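Enquirer: Quick one: the structure is below, questions incoming.
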DNA sequence: CAGTCGCA
DNA sequence: GATG
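Residue numbers (this note's numbering): 2 to 235.
Here it is as structure tokens:
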């Protein structure tokens with residue numbers, strides 16, 4: 002993987018965002034890209050998917066291993082769902098709140114995430130987990146690494162919907178100072194390779210409601226949590 | 001401990 | 001670097 006974005010694939014919204022003074026693609030690192038507005042055209046399908054998943058596996062606020070309640074509300078779809086509790090962070094095939102498997106990840110969502118990853122230079126991405134995080138005003142995500150996945154060779158694909166958020170983008174060490182970048186409805190961030198373990202987070206949500214979603218922001222994070230064919234063969 | 005939280 |  003080169004870490005360079007493959008050409009094209011801007012979805013046709015590039016000019017609109019450029020006209021608003023925003024780069025269509027912002028490099029957050031050697032192998033980390035913000036694809037501005039790239040998912041805006043899929044918002045309706047994404048929101049319908051979120052409603053469908055939440056209807057089966059309701060959004061709920063989880064406890065950290067230290068016993069604090071997280072301010073975001075979480076659910077998942079796909080073969081594995083991310084959970085947190087006194088036992089630690091886990092990917093599990095069964096939703097512990099219901100004792101049932103997580104709702105399936107729609108094929109088109111899998112393929113869309115793979116397409117986004119490819120545009121950021123990561124060919125062959127095949128996510129098995131889609132974490133859904135809902136932020137209401139005041140909700141935040143402290144700086145953290147995504148490190149509960151089996152294969153750090155696989156990238157992370159993050160899709161923002163609804164209210165604008167301030168994305169905190171740090172370094173490989175917790176004490177590295179984090180920069181900030183605004184994430185708008187439809188923005189996509191993809192990171193992997195050398196940037197796979199970068200600390201990141203979301204500042205407390207604030208600001209005006211979004212026309213479509215009102216006073217909330219929903220983030221979809223697509224990951225390969227379980228083993229890949231390549232990792233399993235080693 | 002830390003995918004928290006808030007202060008210096 | 002304290003606290004739930």
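Beta carbons: idealized from backbone N, C-alpha and C, even for Gly. Predicted model only: the values in this text are computed from it and were never measured.
If I follow the unbroken beta strand (DSSP E) through residue 181, where does it start and stop?
Expert: First-last of the beta strand (DSSP E) with residue 181: 180-184.
Enquirer: So, at 7 Å on beta carbons, what are the nonlocal neighbours of residue 138 in its own chain, with the 5 sequence-adjacent residues on each side left out?
Expert: Closer than 7 Å at the Cβ level, and outside the excluded window around residue 138, lie 206, 207, 216.
Enquirer: Restricting to runs no shorter than 3 residues, where is the beta strand (DSSP E) found entirely within the region 25-88?
Expert: As far as the region 25-88 is concerned, its whole beta strand (DSSP E) runs of at least 3 residues are 26-30, 33-36, 74-79, 82-86.
Enquirer: Alpha carbons only, please: which of 132, 24, 119 is nearest the one belonging to residue 47?
Expert: For the residues 132, 24, 119, the minimum Cα distance to residue 47 belongs to 132.
Enquirer: To the nearest angstrom, how far is the alpha carbon of residue 77 from that of residue 24?
Expert: If you take the alpha carbons of residue 77 and residue 24, they lie about 31 Å apart.
Enquirer: Taking the Cβ atom as the reference point for each residue, do residue 186 and residue 163 lie within a distance shorter than 7 Å?
Expert: A contact, by the Cβ cut-off of 7 Å.
Enquirer: For the structure I just gave you, are there three or more beta carbon pairs, one from the region 146-164 and one from the region 186-196, closer than 8 Å?
Expert: Judged by Cβ distances under 8 Å, the region 146-164 makes contact with the region 186-196, as three or more pairs qualify.
Enquirer: Taking contact to mean 3 or more Cβ pairs, one atom from each stretch, closer than 8 Å, check whether the region 119-126 and the region 139-151 are in contact.
Expert: No: fewer than three Cβ pairs fall under 8 Å.
Enquirer: Give the straight-line distance between the Cα atoms of residue 106 and residue 127, rounded to the nearest whole angstrom.
Expert: Taking the straight line from one Cα to the other gives about 11 Å.
Enquirer: Which value, in whole angstroms, describes the spacing of the CA atoms of residue 226 and residue 111?
Expert: Taking the straight line from one Cα to the other gives about 13 Å.
Enquirer: Determine whether the beta carbon atoms of residue 72 and residue 140 lie at a separation below 7 Å.
Expert: For residue 72 and residue 140, yes; Cβs fall inside 7 Å.
Enquirer: Which runs of the alpha helix (DSSP H), 4 residues or longer, sit entirely within the region 85-165?
Expert: Runs found: 108-120.
Enquirer: In whole angstroms, what is the alpha-carbon distance linking residue 229 and residue 115?
Expert: Cα-Cα distance, rounded: 14 Å.
Enquirer: When you compare only the Cα positions, how much space is there between residue 59 and residue 101?
Expert: Answer to the nearest angstrom: the Cα atoms are 12 Å apart.
Enquirer: Starting from residue 223, trace the beta strand (DSSP E) both ways and give me its first and last residue.
Expert: Note, residue 223: beta strand (DSSP E), 218-224.
Enquirer: Determine whether the beta carbon atoms of residue 154 and residue 170 lie at a separation below 7 Å.
Expert: Against a cut-off of 7 Å, the Cβ pair of residue 170 and residue 154 comes out as no contact.
Enquirer: From the DSSP output, in three-state form, read off residue 228 for me.
Expert: Correct three-state label for residue 228: coil.
Enquirer: What is the residue span of the beta strand (DSSP E) that residue 201 lies within?
Expert: Run containing residue 201: 201-203, per the beta strand (DSSP E) assignment.
Enquirer: By the three-class DSSP mapping on this structure, what secondary structure does residue 215 have?
Expert: Strand.
Enquirer: Which term fits residue 209, buried or exposed, when burial requires 16 or more other beta carbons within 10 angstroms of its beta carbon?
Expert: Result: exposed.
Enquirer: Quick one: Cα of residue 129 to Cα of residue 104, how far?
Expert: For residue 129 and residue 104, the distance between alpha carbons rounds to 12 Å.
Enquirer: Anyone know if the C-beta pair for residue 165 and residue 143 falls short of 7 Å?
Expert: The answer is no: Cβ separation not under 7 Å.
Enquirer: For residue 195, which residues from the same chain have a beta carbon less than 6 Å from its beta carbon, with the 5 sequence-adjacent residues on both sides left out?
Expert: Here the set comprises 31, 32.
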